[in-house]
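The next block holds one structure in the form of structure tokens; read it before the comments.
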Amino acid sequence: MGVPPSEEAIRLGLNTSDPATLVIDLNCAFASIEQQHDAALRGRPLAIAAYATNAATIVSSSREARDLGIKTGMRVFEAKAIFPKILIREPNPPLYRDASDRLMEIVERHSPDFLRMSIDEASVNLAGTPGLAKLGPEGVGRVIKSAVREEIGEYVTCSVGVSTSIWMAKQASNLDKRDGLQRIDHTNLVPVFERLQLTDLSGIAEATAARLRRAGIHTPMDFLRATGGSMMRAGMHSEVSEGWGRRLRGYEVSAFESAARKSYSHSHVMARPTSSQAELEELLMRLSDMVGRRLRSAQRRGRVVSIGVVYRPDAGHFSKQTTLPEPISTGDEIYQAALKLLSAREPRRLVGTLGVGLSGLSEGGPAQMDLFAKGATPRRDKVEAAVDAIRNRFGEDAVQRLRLLGRASVVRDRIAFGNTGHPDEKERG
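The numbering used here runs 1423 ahead of the 1-based position in the sequence shown.
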């Protein structure tokens, strides 16, 4: 039996149910998994960067690196300026997928109602389970934490959040990112919110926080108490503002996602800038294949193809997009459209970064076949699915286009934090 709700909790309309939702988040995921895998990395400042270049972005840093101020999102050269001896490693996606799969196996033991939220994060609904009745949500959380150490590795820890919804449990897991176990419910939601910033709330980036502040919403408690008019001034239509109103009070709002993904993209920072059309075409081909694979994993298609170029050394940029008459999802279709866009670049300038993206998305698998089209066919769809499965298991370079055979690997197998890379999982935005 839970604590009776206070007058303030009732006045604010908080969810006064007993918590039954957990969110489990692996701490310093990629870095700690690497340290578990290689004992020589333990206890040392370590950063996992998208690529082995100074301009690459850090996607994970070890506890030791974070203690020095080296954080996710920094560039490698910024990390080296803080600590020149920091160890830099490129990602090892198969290793991370294996750890993610083990986490899901652990979570599923406690309830069939679980969700893989990202490569390093899962939620589980314990309502009606024996574990909830016997141990309580915190007790189940401690059992999961112990299993993570025993089955994924003693150097891998996780933070567990307990609450009445996935979003609020995620907020609880964020309160202590060092092997923590925290709970947010109607008894402590207000004091927790009073010590947070707007950007501490999951789904509120700085741009959204700025719009909220312009509408007079400066803190999470302001957000909780905001009226529909304030939300409208912040640019939120009624459905979105109502969703946030429920989310901030501890109620489940449809799924964990607050909005549908609007685009898929992939980019590459080159170790050696180039103006070679042949090299750029080969890179564009690889990037297009990777975007296509992610689209098919999410069962999405798109009509708007875009490319982005960053020139070196002056860091000028060029971007261009085109809207196609029909939605596409294969790497070849994306490449053919992107190649036409690439022809508009300044040919003599050195390209340091190249990216390709697809937006204007629609749901579903392959579109209905046009009898007169020369494009997608059921046979090609099956071939694409088979190639996807091989690459998911063995890596991006396991299967290559004829033109790329024998070429050095340019684009590494990468995992976004919102995706495990498994073909049966829809990627989150």
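Idealized CB from N, CA, C, for every residue including glycine.
Just so it is clear, the structure is predicted and the values come from calculations on it, not from any experiment.
Annotation: the continuous alpha helix (DSSP H) that includes Asp1712 extends over 1700–1720. Sorting Val1728, Val1571, Leu1619 by C-alpha distance to the C-alpha of Gln1459 places Val1571 at the top. If you check the CB distance, Leu1707 and Val1774 do not come in under 8 Å. Contact between the stretch 1684–1691 and the stretch 1599–1608 is absent, with fewer than three C-beta pairs closer than 8 Å. Contact check for Leu1526 against Leu1449 passes: the beta carbons are separated by less than 8 Å. The Cβ atoms of Val1615 and Ile1567 do not sit closer than 8 Å to each other. Around Asp1623, the same chain offers no residue with a beta carbon nearer than 6 Å, after the five sequence neighbours per side are excluded. It is roughly 31 Å from the alpha-carbon of Arg1669 to the alpha-carbon of Arg1724. Taking the Cα positions, Gly1562 is about 14 Å away from Val1446.
Note on geometry: alpha-carbon atoms of Phe1506 and Ala1479 lie some 16 Å from one another. Per DSSP, Thr1631 is one residue of the alpha helix (DSSP H) stretching across 1629–1637. In the three-state DSSP reduction, Tyr1578 falls in the coil class, being neither helix nor strand. Inclusion of Ile1607 and Ser1586 in the CB contact set at 8 Å is warranted, their separation being smaller than that value. For Ser1546, the closest of Thr1552, Tyr1578, Asp1536, Leu1555 by C-alpha to C-alpha distance is Asp1536. Listed in chain order, the non-local C-beta contacts of Trp1590 below 6 Å within the same chain comprise Arg1670, local neighbours out to five positions each way being set aside.
Annotation: the continuous beta strand (DSSP E) that includes Pro1748 extends over 1740–1751. Around the Cβ of His1740, a 10 Å sphere holds fewer than 16 other Cβ atoms; the residue is exposed. As computed with DSSP, Arg1735 is found in a beta bridge with Leu1773.
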